[in-house]
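Undergrad: With my numbering applied, the sequence shown covers 44 to 426. I am attaching a structure below and will ask some questions about it afterwards.
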Amino acid sequence: MDRLDNTIRPYAWGSPTAIPQLLGVEPTGEPQAEMWMGAHPGAPSRTARGTLVEVVDADPEKELGPAAVAKFGPRLPFLLKLLAAGAPLSLQVHPDLAQAKEGYADEERRGIPVDAPHRNYKDANHKPELICALTEFDGLCGFRDPLEAAALLDDLGVDSLKPYVDLLHAHPEDAALREVLTAILTADPDEMSRTVAEAATACTRLGGAYAPYADIAHHYPGDPGVIAAMLLNHVRLQPGEALYLGAGIPHAYLDGLGVEIMANSDNVLRCGLTPKHVDVPELLRIVRFLPSDPGVLRPEASPDGEEVYETPIDEFRLSRYVLAEAGAAHDLTRPTPQILLCTAGTVRAGEHDLAPGGSVFVPAGEKAEVSGTGTLFRATVVA
Numbered sequence: 044m045d046r047l048d049n050t051i052r053p054y055a056w057g058s059p060t061a062i063p064q065l066l067g068v069e070p071t072g073e074p075q076a077e078m079w080m081g082a083h084p085g086a087p088s089r090t091a092r093g094t095l096v097e098v099v100d101a102d103p104e105k106e107l108g109p110a111a112v113a114k115f116g117p118r119l120p121f122l123l124k125l126l127a128a129g130a131p132l133s134l135q136v137h138p139d140l141a142q143a144k145e146g147y148a149d150e151e152r153r154g155i156p157v158d159a160p161h162r163n164y165k166d167a168n169h170k171p172e173l174i175c176a177l178t179e180f181d182g183l184c185g186f187r188d189p190l191e192a193a194a195l196l197d198d199l200g201v202d203s204l205k206p207y208v209d210l211l212h213a214h215p216e217d218a219a220l221r222e223v224l225t226a227i228l229t230a231d232p233d234e235m236s237r238t239v240a241e242a243a244t245a246c247t248r249l250g251g252a253y254a255p256y257a258d259i260a261h262h263y264p265g266d267p268g269v270i271a272a273m274l275l276n277h278v279r280l281q282p283g284e285a286l287y288l289g290a291g292i293p294h295a296y297l298d299g300l301g302v303e304i305m306a307n308s309d310n311v312l313r314c315g316l317t318p319k320h321v322d323v324p325e326l327l328r329i330v331r332f333l334p335s336d337p338g339v340l341r342p343e344a345s346p347d348g349e350e351v352y353e354t355p356i357d358e359f360r361l362s363r364y365v366l367a368e369a370g371a372a373h374d375l376t377r378p379t380p381q382i383l384l385c386t387a388g389t390v391r392a393g394e395h396d397l398a399p400g401g402s403v404f405v406p407a408g409e410k411a412e413v414s415g416t417g418t419l420f421r422a423t424v425v426a
């Protein structure tokens, strides 16, 4: 079992205080957005044996187990994070596996450098993800019913939004949503900037359900993503609740601290709320234009105390243990690789004492006994 030393990424949208508060350290004053735990080459966790990339590469079958290697290849197929949003992240979608393979191969054929700002596909993998709230956590997830979105826009009283309101009353629903999102993202930038400013003023005046969009507009003045965001369901997770985000589902995180797990991929297509590249035609090919309930997940408890967040994919499996008895031991040994993360209290994992933010990598089949009083998240795979 290896204690992990993890990198914190200082993205501009990060909270300056949430991760330091969890870790029990003084804030630096700079944003601290994500703490990465895993073997992603961009910021691999460090161990006494080297980086986790080096550890896995040295003996994939020993570290990951034969079943995981056979199913996912000789790499850790998930990335675990602490995510602390102090400002809205970009409005985005992820491709499914077939779309990712096709898009990656196409951009490779066209010779687009993998680090080019207009490159869409950094790899040939999909990127399903799950966010579990540690604090109240605000996000946007999936399309509203078009008539609900129409009512939301209409109540703002902004004349330039009337064409979108009319389009949202058309049938079928998927065509209406596609046409409105296309119109928003291809509108004249100066006209859209004025529309966003008027909409932001109205949202501030109305408050209540409109307050999140006023805040988004504050961070991204003039961005068409502000209007696109109003087409989506607003969700407020309570601690312990989660969202699963599959392929083609538009989403954005707005505020809060959570544990995030995802397939090990960098493939993101953005809809707005970002200065980065927005490829509208490719985005429209990937988005699933169907209204949907956000589907808030609550963990399902098993007799041994494990609370599992069920998802339809195998690259990751997230669960948690709320440990209440200091002397009671739980055997978490599995034939698959694991990362264990403490988020509250003090947990003993093997020979390691974990305070909040502390984590360990457990190779496949390695004895994994935990005890203590606190909350422990377990990330592994289904193989």
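Idealized CB from N, CA, C, for every residue including glycine.
Using a 10 Å radius around the Cβ and a threshold of 16 neighbouring Cβ atoms, would you call Thr71 buried or exposed?
TA: Around the CB of Thr71, fewer than 16 other CB atoms lie within 10 Å, so the residue is classed as exposed.
Undergrad: Mapping DSSP to helix, strand and coil, what is Leu340?
TA: strand
Undergrad: Could you tell me the distance, in whole angstroms, from the CA atom of Val365 to the CA atom of Arg52?
TA: 28 Å
Undergrad: So, for Ser335: in the same chain, excluding its five sequence neighbours on each side, which residues have a beta-carbon less than 7 Å away from its beta-carbon?
TA: Gly185, Phe186
Undergrad: Does any residue of chain B have a CB that is nearer than 8 Å to the CB of Arg421?
TA: Here there is only one protein chain, and chain B is not present.
Undergrad: Taking its Cβ as the centre, do 16 or more other Cβ atoms sit within 10 Å of Gly182, making it buried, or is it exposed?
TA: Flag for Gly182 reads buried.
Undergrad: Excluding the 5 residues preceding and the 5 following Val112 in the sequence, name in chain order all residues of the same chain whose CB lies nearer than 8 Å to its CB.
TA: Pro103, Glu104
Undergrad: Using the three-state DSSP reduction, which class does Pro332 fall into: helix, strand or coil?
TA: Just to set this straight, residue 332 is Phe in the shown sequence, not Pro. In this structure, Phe332 counts as coil in the three-state DSSP scheme.
Undergrad: Quick check on DSSP: helix, strand or coil for Val405?
TA: strand
Undergrad: Under a three-way DSSP split, which group does Val413 fall into?
TA: strand
Undergrad: Would you call Thr418 buried or exposed, if buried means 16 or more other Cβ atoms sit within 10 Å of its Cβ?
TA: Buried, since its Cβ has 16 or more Cβ neighbours within 10 Å.
Undergrad: Considering only C-alpha positions, which residue in the set Lys165, Arg118, Pro87 is nearest to Glu151?
TA: Lys165
Undergrad: Figure out for me which residue from Pro255, Arg162, Pro138 has the closest Cα to the Cα of Leu195.
TA: For Leu195, the nearest C-alpha among the options comes from Pro255.
Undergrad: Identify the residues that DSSP records as bridge partners of Trp79: which are they?
TA: According to DSSP, Trp79 bridges with Thr50, Lys124.
Undergrad: Could you tell me the boundaries of the alpha helix (DSSP H) in which Arg25 lies?
TA: Since the first and last residues shown for the chain are 44 and 426, residue 25 lies out of range.
Undergrad: What do you get for Gln142, buried or exposed, if any count of 16 or more other CB atoms within 10 angstroms of its CB means buried?
TA: buried
Undergrad: Just to confirm, is the Cβ distance from Leu47 to Val403 under 8 Å?
TA: yes
Undergrad: So does the stretch 205-223 actually touch the stretch 350-368, counting three or more Cβ pairs closer than 8 Å?
TA: For the pair of segments examined, the stretch 205-223 was found not to touch the stretch 350-368: the number of CB pairs separated by less than 8 Å stays below three.
Undergrad: Locate the beta strand (DSSP E) running through Gly315, then write down its first and last residues.
TA: First-last of the beta strand (DSSP E) with Gly315: 312-315.
Undergrad: Which complete alpha helix (DSSP H) runs does the stretch 141-225 hold, if anything under 4 residues is left out?
TA: Listed in chain order, they are 189-197, 205-211.
Undergrad: Between Leu126 and the rest of its own chain, which residues show a CB-CB distance below 6 Å, the 5 nearest in sequence each way excluded?
TA: Glu77, Gly301, Glu303
Undergrad: Nearest to Ile29 by alpha carbon, out of Arg162, Leu140, Tyr352, Asp266?
TA: The first residue shown for the chain is 44 and the last is 426, placing residue 29 beyond what the model contains.
Undergrad: Could you round the C-beta distance between Gln281 and Ala387 to whole angstroms and report it? I think they count as a contact, below 8 Å.
TA: Going by Cβ atoms, the distance from Gln281 to Ala387 rounds to 15 Å, so no, they are not a contact pair.
Undergrad: Identify the continuous beta strand (DSSP E) that holds His320 and give its terminal residues.
TA: Run containing His320: none; DSSP gives neither H nor E here.
Undergrad: Cα-Cα, which of Phe332, Ala91, Gly393, Asp231 is closest to His373?
TA: Considering only alpha carbons, the answer is Gly393.
Undergrad: What is the residue span of the alpha helix (DSSP H) that Gly268 lies within?
TA: 268-272
Undergrad: In whole angstroms, what is the alpha-carbon distance linking Arg341 and Asp231?
TA: One Cα belongs to Arg341, the other to Asp231, and the distance between them is close to 42 Å.
Undergrad: If contacts are defined as beta-carbon pairs under 8 Å, then Glu284 and Val339 qualify, I think. What distance do you get, rounded to the angstrom?
TA: 5 Å
Undergrad: Relative to the C-alpha of Val98, which residue among Tyr54, Pro380, Phe115, Ala344 is closest?
TA: Pro380
Undergrad: Which one of Ile155, Ala369, Ala128 has the shortest CA to CA distance from Gly299?
TA: Ala128
Undergrad: Among residues of its own chain, excluding the 5 on either side of Gly289, which ones have a beta-carbon nearer than 6 Å to its beta-carbon?
TA: Counting only Cβ-Cβ distances below 6 Å, and skipping sequence neighbours, we find Pro171.
Undergrad: Using only the alpha-carbon positions, how far apart do Ala257 and Ala193 sit?
TA: 18 Å
Undergrad: Cα-Cα, which of Ile174, Gly146, Gly154, Ala245 is closest to Val200?
TA: Looking at the sequence shown, residue 200 is not Val but Gly. Nearest option by C-alpha distance: Ala245.
Undergrad: Mapping the DSSP letters down to three states, classify Thr71 as helix, strand or coil.
TA: Note: Thr71 maps to coil in three-state DSSP.
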